[in-house]
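Structure record follows, encoded as structure tokens.
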Amino acid sequence: MITIFLKHQQDKNLDSLRKIQLRNKFIERFPPKSARVVSWYVMMGIGQVVTVRIPASQLRTLNLSIEQGAWGAFETEFYPTYDFVPVWKESLKNSK
Numbered sequence: 717m718i719t720i721f722l723k724h725q726q727d728k729n730l731d732s733l734r735k736i737q738l739r740n741k742f743i744e745r746f747p748p749k750s751a752r753v754v755s756w757y758v759m760m761g762i763g764q765v766v767t768v769r770i771p772a773s774q775l776r777t778l779n780l781s782i783e784q785g786a787w788g789a790f791e792t793e794f795y796p797t798y799d800f801v802p803v804w805k806e807s808l809k810n811s812k
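Numbering (my numbering), first residue to last: 717 to 812.
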């Protein structure tokens, strides 16, 4: 999985951001068909935080969808991600 921070460009208002997204066809391009959205949240003061599951062979496709669809409206950051809940639950079980 990979988590993507789509940080709003602070020098633009919401209408400007939407126009850029429409012009860039952000909704059509992101996420690519090879990705499955695990979560998509809006973080006040940050922007949008999206976690997707995607095969490693499709990372270039994901990167291109961001470059072509999000740039100009968002600053982006990418973080490899994994689900810690099973590890946490196992630790709880073992601590008893």
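Beta carbons are placed, not taken as given, at the ideal position from N, Cα and C, and that holds for glycine.
Residue i, enclosing beta strand (DSSP E) - first and last residue
{"i": "K681", "result": "Missing from the structure shown is residue 681; the chain here goes from 717 to 812 and no further."}
{"i": "S755", "result": "752 to 759"}
Contact set for residue i: own chain, Cβ-Cβ below 8 Å, skip 5 residues either direction
{"i": "D799", "result": "M717"}
Cβ-Cβ distance between residue i and residue j below 8 Å
{"i": "V768", "j": "V758", "result": "no"}
{"i": "Q725", "j": "L733", "result": "yes"}
Selection from the options that minimises the alpha carbon distance to residue i
{"i": "V766", "options": "P796, W804, V801, K805", "result": "P796"}
{"i": "F746", "options": "I720, E806, I762, G763", "result": "I720"}
{"i": "E793", "options": "S750, I762, D727", "result": "I762"}
Proximal residues to residue i (C-beta, below 6 Å), its chain only, five neighbours per side dropped
{"i": "E791", "result": "K723"}
Identified DSSP bridge partners for residue i
{"i": "F790", "result": "H724, W787"}
{"i": "V768", "result": "I718, V753"}
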